[in-house]
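Visitor: So that we are looking at the same thing, I have put the structure below in structure tokens.
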Amino acid sequence: MKIIVVGGGGREHAVIKKLKENPKAETIFALPGNGGIAADAECVNIAATDIQGIVSFAKEKAVDYAVVTPDDPLVLGCVDALEEIGVPCFGPRANAAIIEGSKIFSKRLMQKYGIPTAACEVFEDADKALAYLETAPLPAVVKADGLALGKGVIIAQTREEARQAVIEMMRENKFGKSGSRILIEEFLEGPEVSVLSFTDGKTIKPMVSSMDHKRAGDHDTGLNTGGMGTVAPNPYYTKEIAERCMQEIFLPTVRTMQAEGRPFKGCLYFGLMLTEKGPKVIEYNCRFGDPETQVVLPLLSGDLLEIMQAVTEERLEEVPVEFSDGAACCVIMASEGYPLKYGKGYPITIPEDLRDKVYVAGAAQKDGQLVTSGGRVLGVTEVAEDLPAAVKNAYADVERIRFDNAYYRHDIGERALKA
Ligand code: AMP
Ligand code: GLY
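Using my numbering, you'd call the opening residue of the sequence shown number 7 and step up by one each time.
Below, the structure written as structure tokens:
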């Protein structure tokens with residue numbers, strides 16, 4: 007089979023490595039991939055958002071299957087466009103990807119069908135939002151409606167911060183059109199859990215739970231990032247909570263999307279907060295999480311390509327989705343300064359025996375050498391019998407991977423170990 011994987015981060019590297027376990031995946035093209043992915047797939051310099059370019063390439067190479075992982079191409083209708091030329095895809099069509107593409111859409115969906123989530127008000131007018139903030143409860147959570155590279159959520163502790171967020175989003179167009187409509191949400195408290203799931207629009211099969219570490223600094227200090235590390239499973243997510251989530255959140259979401267004429271096929275990601283009043287949805291993503299994928303897929307005991315094809319062909323019910331009993335930890339090595347300014351072009355050394363465990367995100371090939379090219383450079387994942395061993399081994403690996411200006415958190419997994 008000739009397969010294209012759209013995207014070029016650590017998540018895509020993890021997807022590609024897992025797909026390759028199936029000998030049917032003879033040729034994998036990564037669009038655009040990156041300097042590290044090049045060891046596992048043929049990288050083609052077509053941007054993940056260049057839908058026309060992706061379609062032309064798929065036609066030219068007569069590809070058999072496409073896996074579309076990032077949010078932007080999904081929201082832009084990459085799957086719709088590929089299906090139009092007859093390429094079967096893993097990933098939702100645009101009318102279902104809107105579950106991530108518009109937070110107002112997903113909030114109204116949850117309200118309409120009674121899926122537990124934070125209470126909220128929607129604003130299309132800055133004056134009205136500012137007036138509401140005069141008496142709104144604090145902290146206030148201000149969210150841009152559309153995609154904003156993971157930066158469209160501000161947790162404002164004071165009225166002034168909340169006002170500032172509204173002004174930046176609605177008047178100064180910090181996130182372009184994505185911020186022309188906003189939500190102001192109730193602040194929820196409790197442990198956060200990420201649950202990725204496979205769904206074909208009818209059946210839903212959750213993957214092992216995980217925990218992200220979003221802040222740049224140790225002990226959850228500093229700026230929000232794309233994610234500085236993950237562990238799986240998430241110890242707060244007990245069997246009882248999982249069953250409750252299935253009944254109150256997962257099944258209703260899938261049925262609701264079906265009922266709305268927007269069947270969701272692909273990976274549906276539930277960002278959950280386990281509050282005193284039960285689990286609530288913080289956000290939906292229409293795709294695999296990054297770096298959640300880097301701990302979830304290494305624990306998958308089944309065949310990823312088979313599962314994905316079952317999703318595409320709406321026969322997920324027939325295919326088992328099972329995970330090994332162990333635990334996994336992924337530590338992200340970033341460039342010092344991320345998520346703000348950082349240097350690039352530093353040579354990276356990865357010991358040969360770690361190659362299988364490294365998922366490359368921000369690196370390029372230069373004169374035959376892998377060099378840093380992004381904020382999050384790579385992640386290293388260890389799978390072990392239990393979480394303490396996975397964490398210990400992942401950090402031992404980090405010590406052996408070298409590049410100038412490397413920065414990483416020292417406490418990935420600490421919170422999970424205390425649970
Ligand atoms: P997002 O960019 O949507 O993933 O949100 C970023 C982070 O903001 C989440 O991981 C949560 O930690 C936090 N967050 C979002 N909504 C709420 C809320 N209603 N209450 C508390 N924290 C929230
Ligand atoms: N790690 C969070 C996300 O992928 O949105």
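Glycine is no exception: its CB is placed at the ideal position from the N, C-alpha and C atoms.
Between E298 and the ligand GLY, is the CB less than 7 Å from at least one heavy atom?
Guide: True, at least one ligand heavy atom lies under 7 Å from that Cβ.
Visitor: Quick check: is any heavy atom of the ligand AMP less than 7 Å from the C-beta of V237?
Guide: Incorrect: V237 has no Cβ contact closer than 7 Å to the ligand AMP.
Visitor: Using DSSP bridges, identify the partner residues of L189.
Guide: Bridge partners of L189: V128, K149.
Visitor: Cβ of N230 versus every heavy atom of the ligand GLY: is any distance shorter than 7 Å?
Guide: Incorrect: N230 has no Cβ contact closer than 7 Å to the ligand GLY.
Visitor: Hey, V404 and V386: beta-carbon distance below 8 Å or not?
Guide: Yes, the Cβ-Cβ distance between V404 and V386 is below 8 Å.
Visitor: Comparing C-alpha positions only, which one of V73, L82, E195, M7 sits nearest to K271?
Guide: For K271, the nearest C-alpha among the options comes from V73.
Visitor: Looking at the secondary structure, which residues open and close the alpha helix (DSSP H) in which K24 lies?
Guide: Start and end: 16-25.
Visitor: Assign H416 to one of two classes, buried (16 or more other C-beta atoms within 10 Å of its C-beta) or exposed (fewer than that).
Guide: Counting Cβ neighbours within 10 Å, H416 comes out exposed, since fewer than 16 surround it.
Visitor: Which residue comes first and which comes last in the alpha helix (DSSP H) that contains F111?
Guide: Start and end: 109-119.
Visitor: Does the structure place the region 330-345 close enough to the region 229-239 that three or more beta carbon pairs sit under 8 Å?
Guide: Yes, since at least three Cβ pairs between the region 229-239 and the region 330-345 fall closer than 8 Å, the two stretches touch.
Visitor: Measure from the alpha carbon of H19 to the alpha carbon of each residue in E198, M176, F35, then state which is nearest.
Guide: The residue with the shortest Cα to Cα distance from H19 is F35.
Visitor: Does R408 come out as helix, strand or coil in the three-state DSSP assignment?
Guide: R408: strand per DSSP, three-state reduction.
Visitor: Enumerate in chain order the residues of its own chain whose CB-to-CB distance from P145 is below 7 Å, with the five nearest sequence positions on each side excluded.
Guide: Hits under 7 Å: I161, A162, Q163, F193.
Visitor: Expressed to the nearest angstrom, what Euclidean distance is found between the alpha-carbon atoms of I418 and I91?
Guide: Each residue's alpha carbon lies about 44 Å from the other.
Visitor: Could you have a look at G13 and say whether DSSP puts it in helix, strand or coil?
Guide: Residue state, collapsed to three classes: strand.
Visitor: What ranges does the beta strand (DSSP E) occupy inside the region 26-94, keeping only unbroken runs of at least 3 residues that lie completely in it?
Guide: Counting only runs of 3 or more, we get 33-38, 71-74.
Visitor: Can you give me the C-alpha to C-alpha distance between S112 and Q371, rounded to a whole angstrom?
Guide: C-alpha separation (whole angstroms): 40 Å.
Visitor: What residue range does the beta strand (DSSP E) around E198 cover?
Guide: Looking at the DSSP string, the run of the beta strand (DSSP E) that includes E198 is 198-205.
Visitor: Taking Cβ to Cβ, would you say L37 is nearer than 8 Å to V61?
Guide: No, the Cβ-Cβ distance between L37 and V61 is not below 8 Å.
Visitor: Could you pull the DSSP bridge partners for C251 from this structure?
Guide: In DSSP, C251 forms no bridge with anything.
Visitor: Comparing C-alpha positions only, which one of R177, K24, T355, D86 sits nearest to Q58?
Guide: Q58 has its Cα closest to that of D86, out of R177, K24, T355, D86.
Visitor: Between Q300 and D218, what straight-line distance do the alpha-carbon atoms span, to the nearest angstrom?
Guide: So the alpha carbons of these two residues sit roughly 11 Å apart.
Visitor: Taking the alpha carbon of V201 as the point to measure from, which residue in G185, E178, P239, Q170 has its own alpha carbon closest?
Guide: For V201, the nearest C-alpha among the options comes from P239.
Visitor: With distances taken from CA atoms, which of E246, K208, F276, E420 is nearest E320?
Guide: The shortest Cα separation from E320 among E246, K208, F276, E420 belongs to K208.
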